[in-house]
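For the sequence shown, the UniProt record's numbering begins at 1 and goes up steadily by one.
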Amino acid sequence: MGEGLYEQFEAARRCYFDVEARTGLSTTRLLRADTPDDDGRPRGIGAIRQTALAFAAHDVLADFGITPSVLSGLSLGALVSAGLAGSITRAELLDLLMRAREVPVLPEDGRQQAVATIAVPVRAPLSDYQGAAAGGVYLAGDLGPIGPGERRLLVLSGHHDAVRRLPELFPEDRVTPLGGGGPAVHSPLQGHLATALRPHIERLDFHDPVVPICSCLEAKVLRTGDQVRDAFLRNSTSPVSVPHMHAGLEETGAELGVVVGPSRFDRYLSVPFPVVHVEEPEHVRETLSVIHELGVDTSGDTAATGTR
Numbered sequence: 001m002g003e004g005l006y007e008q009f010e011a012a013r014r015c016y017f018d019v020e021a022r023t024g025l026s027t028t029r030l031l032r033a034d035t036p037d038d039d040g041r042p043r044g045i046g047a048i049r050q051t052a053l054a055f056a057a058h059d060v061l062a063d064f065g066i067t068p069s070v071l072s073g074l075s076l077g078a079l080v081s082a083g084l085a086g087s088i089t090r091a092e093l094l095d096l097l098m099r100a101r102e103v104p105v106l107p108e109d110g111r112q113q114a115v116a117t118i119a120v121p122v123r124a125p126l127s128d129y130q131g132a133a134a135g136g137v138y139l140a141g142d143l144g145p146i147g148p149g150e151r152r153l154l155v156l157s158g159h160h161d162a163v164r165r166l167p168e169l170f171p172e173d174r175v176t177p178l179g180g181g182g183p184a185v186h187s188p189l190q191g192h193l194a195t196a197l198r199p200h201i202e203r204l205d206f207h208d209p210v211v212p213i214c215s216c217l218e219a220k221v222l223r224t225g226d227q228v229r230d231a232f233l234r235n236s237t238s239p240v241s242v243p244h245m246h247a248g249l250e251e252t253g254a255e256l257g258v259v260v261g262p263s264r265f266d267r268y269l270s271v272p273f274p275v276v277h278v279e280e281p282e283h284v285r286e287t288l289s290v291i292h293e294l295g296v297d298t299s300g301d302t303a304a305t306g307t308r
């Protein structure tokens, strides 16, 4: 993960050296997904791996004069966007992610949690897939329309037994369990994580972002430090939405979307402007070619989205 950029671009190497210096995680561990993901802490280093790669891809593009006029990201990507927009420093974001590693995956009750996706009719009310109507699970994410557009993909979080019952409750919808035993991301069941991080987030000095950030929590463009802080406080327990991100990117007039770092690239293909993905060296060359063909002003008229 990121090895190609690291080997070919000095900007990527500088970025990884900075992340290593701040976190104490070796560049080898950050680059190699086959190295151990944990070192006895409750949570692994996956989020920091993804963040480092997003920073590196951004910096490589910046060396070519490609900088964003608007930023957005889903879940962790929303936090990365704040770091790229200067609302907090990269060091502060890395510190926050390292603190999150110390928080147990499950709350004190120890009940197992789980996550699943479900493909539902595109116009179905979201209320049908959460709360009592769905056996007590929570809507954790709306990933928007999929395939030909007749269905939309939702992420549902909850206690393991409730998520396990979803195929019985919705036999006509495609339910796909994700991962192992949780955590129940973007739901109140991760309230203990939000509580643990709140004092640190409240102490941070959030600045107004140098470019707007399109929220994934609501259809809103964040322009002040206070708005970004509020998004950080809610990120662990609130549902995320790709359509909200798309709405913000359209509102701000993005001409080209650049997805930096690891991501489900297909999430961004329904926006009304071209989208490219930068994770490998060949992607950089492809992006430069697309920008040249479209005649996009690379001094700030591209839209960079963060990782998942």
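Ideal Cβ positions, reconstructed from N, Cα and C, are used throughout, including at glycine.
Since we're looking at a predicted model, the values are computed, not measured.
Whole angstroms is fine: what's the gap from residue i's alpha carbon to residue j's?
| i | j | result |
| --- | --- | --- |
| L106 | H160 | 12 Å |
| R285 | V276 | 11 Å |
| S87 | D230 | 12 Å |
| F9 | L126 | 44 Å |
| C216 | E250 | 13 Å |
| D109 | L189 | 10 Å |
| G248 | A254 | 9 Å |
| T237 | G141 | 11 Å |
| D39 | V155 | 29 Å |
| R164 | L288 | 46 Å |
| L178 | V185 | 11 Å |
| L222 | L143 | 20 Å |
| D226 | F206 | 7 Å |
| R152 | D128 | 13 Å |
| P36 | G46 | 10 Å |
| F170 | A133 | 11 Å |
| D173 | A124 | 11 Å |
| H239 | L139 | In the sequence under discussion, the amino acid at residue 239 is Pro, which differs from the His named in the question. So the two alpha carbons sit approximately 6 Å from each other. |
| D18 | H283 | 23 Å |
| M1 | P68 | 23 Å |
| D34 | A114 | 24 Å |
| P262 | A219 | 24 Å |
Give the single residue among the options whose Cα lies nearest to the Cα of residue i.
| i | options | result |
| --- | --- | --- |
| S241 | V228, S26, H283 and C214 | C214 |
| V120 | A162, E150, L139 and L288 | E150 |
| P272 | H246, V259, V258 and E282 | H246 |
| R32 | I146, Q130 and Q50 | Q50 |
| V259 | S69, A184, E279 and G248 | E279 |
| S157 | Q112, R164 and S187 | S187 |
| L97 | L76, A124, D18 and S81 | L76 |
| L204 | L74, A82 and L30 | A82 |
| Q112 | V122, A124, G182 and D226 | G182 |
| P148 | V122, D128 and P171 | V122 |
| T23 | P243, E282 and A52 | A52 |
| F145 | H244, E282, D18 and D34 | For clarity, residue 145 is Pro in the given sequence; the question names Phe instead. Out of H244, E282, D18 and D34, H244 has the C-alpha closest to the C-alpha of P145. |
| R101 | P262, A219, I48 and I66 | I48 |
| V210 | A219, V228 and E218 | V228 |
Excluding five sequence neighbours on each side, which residues of the same chain lie with their C-beta closer than 6 Å to the C-beta of residue i?
| i | result |
| --- | --- |
| A12 | L5, Y6, A56 and V60 |
| R14 | none |
| T224 | D208 |
| R90 | G83 |
| T27 | Y16 and E20 |
| E168 | none |
| P212 | V70, V221, R223 and T252 |
| residue 312 | Nothing in the structure corresponds to residue 312, since the chain is present only between 1 and 308. |
In chain order, what residues of the same chain have a beta carbon less than 8 Å from the beta carbon of residue i, not counting five sequence neighbours either side?
| i | result |
| --- | --- |
| V103 | P42, R43, H192, L193, A196 and L197 |
| L166 | A116, I118, A134, G135, V137, L156 and V175 |
| A62 | A11 |
Where do the ends of the alpha helix (DSSP H) carrying residue i lie?
| i | result |
| --- | --- |
| R14 | E10 to T23 |
| D95 | R90 to A100 |
| H277 | Here H277 belongs to no alpha helix (DSSP H); instead the beta strand (DSSP E) covers V275 to V278. |
| R32 | No alpha helix (DSSP H) holds R32; DSSP gives it neither H nor E. |
| P281 | P281 to L294 |
| R203 | G191 to R203 |
| V80 | L76 to L84 |
| L169 | L166 to L169 |
So, for residue i: in the same chain, excluding its five sequence neighbours on each side, which residues have a beta-carbon less than 7 Å away from its beta-carbon?
| i | result |
| --- | --- |
| E293 | none |
| A162 | G135, G136 and V137 |
| L79 | L93, F232 and N235 |
| residue 336 | Lying before the first or after the last residue shown, residue 336 is absent from the chain, which here runs from 1 to 308. |
| H200 | L96 and R99 |
| F64 | L288 |
| V281 | The question names Val, yet the displayed sequence has Pro at residue 281. Same-chain partners within the cutoff: G4, L5 and Q8. |
Starting from residue i and walking both ways along the beta strand (DSSP E), at which residues does that stretch end?
| i | result |
| --- | --- |
| T117 | Q113 to P121 |
| R152 | R151 to H159 |
| D59 | Here D59 belongs to no beta strand (DSSP E); instead the alpha helix (DSSP H) covers G46 to D63. |
So with Cβ pairs under 8 Å, would you call residue i a contact of chain D?
| i | result |
| --- | --- |
| S241 | The chain labelled as chain D is not found in the depicted structure, where only one protein chain is given. |
Who does residue i pair with in a DSSP beta bridge?
| i | result |
| --- | --- |
| I213 | L71 and L222 |
| R174 | A119 |
| D142 | L154 and S241 |
| G147 | None; G147 has no bridge partner. |
| V137 | G131 |
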